[in-house]
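Quick note on our numbering: the sequence shown kicks off at 476 and runs consecutively. Glycine included, C-beta positions come from ideal geometry on N, C-alpha and C.
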Amino acid sequence: MLPDSHHVAILVYDGVKLLDVAGPADAFAEANKLGADYRIALVSPTGEDVTSSIGIRITVEGDAGTAPHPGTLLVPGGDIYPRTPVTRDLADATRDLAARSVRVASVCSGAFILAAAGLLDGKRATTHWKITDVLAARCPKAQVEPDAIYVRDGTTYTSAGVTAGIDLALALIEEDHGPDVSREVARSLVVYLQRAGGQSQFSAPLQGPPPRSPALRGVVDRVTADPTGDHSLAALAAHLHISPRHLTRLFREELGTTPARFVESVRFDIAKSLLDQGYTATQAASLAGFPGYESLRRVFARELSISPAAYQRRFATARRSDSGAAAAAGRG
């Protein structure tokens, strides 16, 4: 039997994290509203229903052995890994399904299940940043990339925690149906941007501890929700009904930076993501909220010592990097 490219099998088990299942599944379901034809099936190693990490029962359609040949096998993570060894029946079920699938993907600690099934040997991979060192020790034949949102190596995909599973699903949807569909799905799910695989797991607003002050948290939320808005010191202070001097002091005390530099860092992070997705430097500057290309170029020169164009050539999406590696291998 040939694999069905539109069939997505999600392998669940006792202790699976519900968000790792629901996030990607919702992304595929949203794509169906835009003309895709994904058919999602939840399966377990034994065919019995399972209990998620928060105690919610998950009903499955059957066991892994009787599942159709899927286009995509998705293995979500669970809080039990890597604290406990992956059970033999789960590793066997993963290996069996992977052999019948076109591509295999994991979310968060689901990478440990792929590793136990021998599916990460000789491959690049990632998982949640807190446990990448454990994955590297547990699977020494894999090249673990600790700071990536998701990694593609051939037909094997691994991703970081929870929301990165949605980023991965968006990348798979783009691979199947193009960037327009994946962007519409992102908008529908209220995901501000689809982050490229090579991007850091940490966006600029998440570096360091969150602000203690409610006023400062409000500013952070305002800037990250609408990076193209008027976020001058005067505008932000007026929005909070405090003086510019007081706002500047809050930023220095709690975030160790100035309001202007914080806004710039958010826009810089977004511009990098847009360049990773294939937008031109001029488009990235506009969509990220920079006054123009020259402003973006100056920030890139200061932060990375390269131009936006040079960055785009050097740091492409996981898909383009993988294609380039394949082409290079062919030339060799």
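Practice task
Report the three-state DSSP secondary structure of Gln-752 (helix, strand or coil).
Solution key: The sequence position of residue 752 within the sequence shown is 277, counting from 1. Coil.
Exercise for the section: List the DSSP bridge partners of Ile-781. Expected result: Within the sequence shown, numbered from 1, the residue matching residue 781 stands at position 306. Paired residues: none, contrary to the question.
Handout entry: Close beta carbons around Gly-767, own chain, < 7 Å, minus the five adjacent residues each side
Key = Taking the sequence shown and counting its residues from 1, the one referred to as residue 767 is at position 292. So the qualifying residues of the chain are Ala-760.
Handout entry: Environment of Asp-515 [buried if 16+ CB atoms lie within 10 Å]
Key = Position 40 of the sequence shown, counted from the start, is the residue given in the question as residue 515. This sequence places Ile at residue 515; Asp is not what is there. Flag for Ile-515 reads buried.
Exercise for the section: Give the single residue among Gly-636, Phe-765, Glu-739 and Ala-735 whose Cα lies nearest to the Cα of Cys-583. Expected result: Within the sequence shown, residue 583 is the residue found at index 108, counting from 1. Selected option, being the one with the closest Cα: Gly-636.
Practice task
Return yes when the Cβ of Ala-580 is within less than 8 Å of the Cβ of Leu-509, no when it is not.
Solution key: Within the sequence shown, numbered from 1, the residue matching residue 509 stands at position 34. Within the sequence shown, numbered from 1, the residue matching residue 580 stands at position 105. In this structure, Ala-580 does not lie closer than 8 Å to Leu-509 by Cβ.
Problem - Separation of Asp-655 from Arg-788, as counted between CA atoms - result: Position 313 of the sequence shown, counted from the first residue, corresponds to residue 788. Position 180 of the sequence shown, counted from the first residue, corresponds to residue 655. Roughly 22 Å separates the two Cα atoms.
Practice task
Return the first residue and the last residue of the alpha helix (DSSP H) that Thr-723 is part of.
Solution key: By 1-based counting over the sequence shown, the position of residue 723 is 248. 719 to 730 is the span of the alpha helix (DSSP H), which, as asked, contains Thr-723.
Problem - CB-CB length for Leu-457 against Leu-708, believed under 8 Å - result: Outside the shown range of the chain (476 to 807) lies residue 457, about which nothing can therefore be said.
Problem - Rounded separation between Phe-677 and Val-741 - CA only - result: Here the question's residue 677 lines up with position 202 in the sequence shown. Here the question's residue 741 lines up with position 266 in the sequence shown. Low confidence applies here, because Phe-677 scores a pLDDT of 48, under 50, leaving its location unreliable and the question unanswered by this model.
Exercise for the section: Return the CA-CA distance between Ala-542 and Val-550, expressed in angstroms with no decimal places. Expected result: As a first step, residue 542 must be located in the sequence shown, where it is residue number 67. As a first step, residue 550 must be located in the sequence shown, where it is residue number 75. When rounded, the distance between both Cα atoms is 14 Å.
Handout entry: Start-to-end residues for the alpha helix (DSSP H) that takes in Gly-585
Key = On the sequence shown, residue 585 is found 110 positions in, with the first residue counted as 1. Counting along the chain, the alpha helix (DSSP H) containing Gly-585 begins and ends at 585 to 591.
Practice task
Would you give the residue range spanned by the beta strand (DSSP E) that Val-809 belongs to?
Solution key: Shown here, the chain extends from 476 to 807; a query on residue 809 therefore has no answer.
Practice task
Give me the Cα-Cα distance between Thr-809 and Val-698, rounded to the nearest whole angstrom.
Solution key: The requested residue 809 is not part of the displayed model; the chain covers only 476 to 807.
Problem - For Gly-553, the nearest candidate out of Ala-763, Leu-494 and Ala-735 (CA to CA) - result: Sequence index remark: in the sequence shown, residue 553 carries index 78 (1-based). When each option's Cα is compared against that of Gly-553, the closest is Leu-494.
Exercise for the section: Could you check how far apart the C-beta atoms of Pro-884 and Ile-588 are, in whole angstroms? I think they sit under 8 Å. Expected result: Because the chain in this structure spans residues 476 to 807, residue 884 falls outside the shown range and cannot be described.
Exercise for the section: Measure the C-alpha to C-alpha separation of Ile-641 and Ser-527 and round it to an integer number of angstroms. Expected result: As a working mapping, residue 641 is identified with position 166 in the sequence shown. As a working mapping, residue 527 is identified with position 52 in the sequence shown. Cα to Cα, the separation comes out at about 19 Å.
Practice task
With distances taken Cα to Cα, identify the nearest neighbour of Ala-506 among Pro-689, Pro-783 and Glu-649.
Solution key: The residue you call residue 506 lines up with position 31 of the sequence shown. Selected option, being the one with the closest Cα: Glu-649.
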